[in-house]
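Residue numbers (the working numbering): 345 to 613.
Quick notes on the structure that follows.
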């Protein structure tokens, strides 16, 4: 690791780990955002196979930490990831990053956060007095592993096999009105941001659409929360907007084995 727990904000959770590839000149960066349902997980839990694949391909690698819901309510995790990406771009010269070739991937909640960066309008504020806030928040390519298309749990009940509302029974802040809650759900539902200028997208899931629900209760819960029907919903919109994409699940055959291979391919172009 080249830089460990570099602060991009004032909160203890707002840190980044960075691995610098052994290359000459500016190189692409692959950004990882961990999952954990916005309540757990850690930027320290990096897939070593993915990390080595990136570094071997001449790609720098970064892993972001962000505030969880026990630290602050939505949209704190999303705001943190925007700021972290802008911070990384502000370090482009110092850390040897090509700011035009940054891609990202993540699983579950991390997939939501990565897609929020990739598909939202650019959060750069050119008129800001803060030079970091003036940096772009867009990505060149994105990989989503078990990502959820939206935060509309009524839709989940209707469209996701085995999903039950008690899977998500977290306490909503008392001062958040139903109107504000619906607005927040719309904003944080990543499929609502899909448009024709979005980057190439890789999505992967661990089950086929017609696979049976696992018999063990705990396995069934995780299976439903990461169901391929989310990917099918996003795929329909990506097709509608002519965004290059791959949806991978058991039984399909795709040009790229996993999200990282897909990202490396697009960053090398």
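Glycine included, every Cβ here is placed at the ideal spot set by N, Cα and C.
All of these numbers come straight from a predicted model, not from anything done at the bench.
query                                                                                                           : result
DSSP three-state assignment for residue 444, whether helix, strand or coil                                      : strand
Cβ shell of residue 350 (< 7 Å), same chain only, five flanking positions each side left out                    : 359, 360, 362
Rounded Cβ spacing between residue 551 and residue 594 (contact assumed at less than 8 Å)                       : 7 Å
Stretch pair the stretch 459 to 467 + the stretch 387 to 395: three plus CB contacts closer than 8 Å            : no
Inter-residue spacing [alpha-carbon to alpha-carbon] between residue 619 and residue 409                        : The structure shown has nothing for residue 619, since the chain only spans 345 to 613.
For residue 548, the first and last residue of its enclosing beta strand (DSSP E)                               : 545 to 548
As assigned by DSSP and simplified to three states, the class of residue 484                                    : coil
DSSP bridge partner residues for residue 450 (one or two, in chain order)                                       : 377, 488
Nearest-angstrom Cα separation, counted from residue 468 out to residue 345                                     : 28 Å
Integer Cβ distance of residue 445 from residue 372, believed to fall under 8 Å                                 : 4 Å
CB contact flag (residue 508, residue 477, <9 Å)                                                                : no
Ranges of the beta strand (DSSP E) found wholly within the stretch 377 to 427, counting only runs of at least 3 : 404 to 408
Below-9 Å beta-carbon distance, residue 391 vs any chain C residue                                              : Reference to chain C is not applicable here, since this structure consists of a single protein chain.
Cβ neighbour criterion (16 or more within 10 Å) applied to residue 424                                          : buried
Three-state secondary structure (DSSP) of residue 611                                                           : helix
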